[in-house]
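Numbering (the working numbering), first residue to last: 53 to 1202. All C-beta atoms in this analysis are idealised placements derived from N, C-alpha and C, irrespective of residue type, glycine included. Small disclaimer: the values here were computed from a predicted structure and weren't measured.
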């Protein structure tokens, strides 16, 4: 056997092939195992000993191969191998032997067939001999890494042994301590649910931290690796970490601030602070650790990088993981997870002096701080710092130092992305600066034929700002397009052309059909990149051209793009067949989605190919890169030719407790970003195509649902979110199939989707995924309504998610009670708001009686969030959410009036405008739905509303006062002092901001009108002026509101011609023309009656309706449908005669 292995170690192909054939033949005989084992024990050649151990491990990695060996060979092996380990002098051979022992233990230990191995390890670990102790700990660390689950029964005693071992060490910077930590990390999967083990881990935390510090002095690589234990505890067993947050932060800060330590170790320490910010944020605030963290991070961010030209702001690939980039990344994490009030004041202490100083890197750091705050602290910045921050950014954009300019431009891009629409108000100040910069770029390209530094940041800021401006961009559009066309026509780099094509897409996104003057030229430019064969260098231009074409398709207007749609579709399919590039495939899927918004069902002929390609991308495992623990297959290539010998028949009975042998040497997997993005875009394309093609997508609906559902637990969060969105749309498509089969398909889809959403909301680590899940619940309830809750347990699953989020019990929330920490991070508040949306939509999907029971459960949580010690955002949300729920409660709201009305009346004096606004809206809704239960409170309500009209400065709140008065009028104007209330009501119209309330306002006016109330007569001119302004300025939010306004105008034209003519003649000519051109809409007038209605009353109402139609100057075509149940056949015949007579009478008179 040794001679065979020697042939495999020579550098001669023929000899290796000869040895391979001989070894394959030898492996067919049982005696090959004792022979290899003997070589491990006795060969004088260390390479042979190692090779023999590796071959044995590879051969017996699968349990079926081991159990097929005769028992005597297995016994001899176990007897020989442990002494061999003790006697081995070469480290690399020792490592191979330990790996072999660990592999065999994986098969033996679960059946308690090799107890000697644990006794052997224990003897070594407890030995007074340092060499033996180190060997024992090394062996245990390796064994537990290979198959941690095999040690389930022994976990408790092993953890105690590890604790005793660590405590016995005089010097923590030695390898024994390192192996203890490695073993603790390997055993983490066995910790959950075992309080005894958790207690031991908690007691060891101080020693673990001391070990990391000690190793940092002697072996930084090992210290860096030890942080993996802390990371895994944070992720999987946070209770171990919880009591030690302060000490852990101090450990990290000590390492970060020690500049003599290596970058990888410092990066690990910085990253771990990010872990703690995600999982134990309340503890950071409670222990007042935020300030010291901020001081350290800002100092790092202000450091000069090794290369000024390589401006990378965030950690990404390994080469980007520097202390500076990691500090910025961690600050971004803090902004997303900490309350702004606990973060921004500490940062301002650094920002203000840095911007006034001369250190360009401190200035750069200040702008990066502003940039990373934009997403996580957006509401706080909007209300307190937007103007002052933007003023600073404007100064930074014009700074002489490129590093400062770039950071300021990046900050502007972040603000543009996350602070809309507020930032658009500053377009007149910011766009000239950006255009001046763009002009300088054009000049530099013309003169020097090269791209200037900082061009990426400039285009990022320009794109983000323009994209969200919408029509506010139009005055600047000619200048912008002129400069972009100039860059594209000049001799400039591929990268600058790519940026310019992307900027055209952003401009199109904002300008929509106003891009029409440039449409032909844009298409001409894009065609050049789309049709010409591209090199590897210019491929990015084709990809960007496809992206930009997709944006144009969506925004230029269906009628304008329609002539190009079929050609673009065919081109996309052709390109898809030819390419293997994931970036290009991603862009093509986006193009198909855009084309579907134009072609809609006409895209059906291409759907078989599109769906097949998209599903292939969804199923694809391309781009998955395995990371190996060691490169043994390269060192011993022969094994790959032998490993599958005799593997044709799998022994199914002997696969219990086995791990996949093929993955034994794989430390983990990663997926290249381009393939993840392709997968995500494929999912989103199917979602959008399903949305726009409707029944044409039906043949592909079930398959698409099945394939996308398989990705809903995908490791990458963007894929999980895309899957949720697509599955939501597929369910909506199912709900529109008008057949029994369609309903069955819907219920089948909901039966898996609703529980899965519940799982993701409660158990996913990422808040954004939980938010997506909650949003999906809201949309399902909105679109599919009560069918969502028909499935068994669905109603409870949805409600439990709401209560878990409201009470902070989901995995992505910090469940620790932080004493004195009442304020939450904005993203946590947003999560709760998403749960609130689900609650209000649930109310509209189930009976009011059922909803009252659920509302009663959530009400204490909402009231708690409305208290003074909570943030303004939480309080306004709580009051607003209670108000939104009243419509779902309907008449059942009466039971809550005694508790809630006094609270809401009090909130009308709150210091926060949003709280006041929501409270006033809620009072109106309580009155509207509570009816008789609120009548006795009208005087109190009127007093509060009158006071609000007198002193309220917030226009939205003032509009809601009018909405509340309108609801009082609709419900019971008879108990209102209309002579006092109505003049004030009319005088405050029209609404200034909350145009949704126009429905209630005009419904109240029509209520009085239809009752013939004389209060209207003296205010008719004013009301007509209001109605005309609402119609002319488009201040109706939907068709229902518009029809109410139109109904009032038509009625006034008919019944008050003098007032109408007086108002009409005073209108400017263009407005008068527009009013005349307002199309008359077909209206359905519903006469609603409650309880038992006398037939005579019914006919009086019908008669009044017909006579009212007769009075106007317009010609009407009337279709009258009366739905009711007469008592007898005779009654029905009489009623038909009476209705006919009414219509005949009207026809004669008109």
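query                                                                                                                : result
Euclidean distance between Cα positions of residue 288 and residue 240                                               : 8 Å
Under the three-state DSSP convention, the category residue 676 falls into                                           : strand
Spatial distance of residue 509 from residue 280 (CA atoms)                                                          : 35 Å
Collapsed DSSP secondary structure at residue 702 in the structure displayed                                         : Summary for residue 702: the model assigns pLDDT 36, below 50, so the residue's position carries little reliability, and this model does not support an answer.
At least three beta-carbon pairs within less than 8 Å, the region 440-451 to the region 490-501                      : no
Neighbourhood of residue 104 by C-beta, 6 Å cutoff - its chain only, sequence neighbours within 5 removed            : 88, 91, 92
Under the three-state DSSP convention, the category residue 864 falls into                                           : coil
6 Å CB neighbourhood of residue 227 in its chain, flanking five on each side removed                                 : 186
Element boundaries [alpha helix (DSSP H), containing residue 118]                                                    : 115-120
Classification of residue 63 by the beta-carbon crowding that lies within 10 angstroms, buried from 16 upward        : exposed
With 16 other Cβ atoms within 10 Å as the buried cut-off, status of residue 926                                      : buried
Status (buried if at least 16 other CB within 10 Å, exposed otherwise) for residue 517                               : buried
Three-state secondary structure assigned by DSSP to residue 999                                                      : helix
Assigned exposure category for residue 570 - 16 Cβ within 10 Å defines buried                                        : buried
Enclosing alpha helix (DSSP H) for residue 331 [first to last residue]                                               : 315-331
Residue 67 to residue 213 span [Cα, whole Å]                                                                         : 49 Å
Residue 632 (DSSP reduced to helix, strand or coil)                                                                  : coil
Residue environment, residue 109, which counts as buried when at least 16 other CB atoms sit within 10 Å             : buried
The region 902-922 touching the region 831-839, judged by at least three CB pairs closer than 8 Å                    : no
Unbroken alpha helix (DSSP H) run spanning residue 68, endpoints                                                     : 65-79
DSSP three-state assignment for residue 204, whether helix, strand or coil                                           : coil
Residue closest to residue 821, alpha-carbon to alpha-carbon, out of 802, 791, 786, 863                              : 863
Coil, strand or helix - residue 762 by DSSP                                                                          : coil
Assigned secondary structure, residue 429 (DSSP; H/G/I helix, E/B strand, else coil)                                 : coil
Cβ pair count under 8 Å reaching 3, the region 580-587 against the region 554-569                                    : no
The alpha helix (DSSP H) enclosing residue 538, as first and last residue numbers                                    : 529-541
Residue 399: first and last residue of the uninterrupted alpha helix (DSSP H) it sits in                             : 392-408
Spatially closest choice to residue 485 from 593, 442, 520, by CA coordinates                                        : 442
Inter-residue CB distance, residue 978 and residue 986 (contact presumed, cutoff 8 Å)                                : 6 Å
Any 3 or more C-beta pairs closer than 8 Å across the region 920-938 and the region 881-897                          : yes
Under 9 Å between C-beta atoms of residue 217 and residue 257                                                        : no
First and last residue of the uninterrupted alpha helix (DSSP H) at residue 471                                      : Counting along the chain, residue 471 falls outside any alpha helix (DSSP H), and DSSP gives it neither H nor E.
Residue 1019 classed as buried or exposed, judged by whether at least 16 other C-beta atoms fall within 10 angstroms : buried
Residue 1059 - DSSP class collapsed to helix/strand/coil                                                             : helix
Unbroken alpha helix (DSSP H) run spanning residue 132, endpoints                                                    : 123-139
Buried or exposed by the 16-neighbour rule on C-beta atoms within 10 Å, applied to residue 1230                      : Any question about residue 1230 goes unanswered here, given that the chain covers just 53 to 1202.
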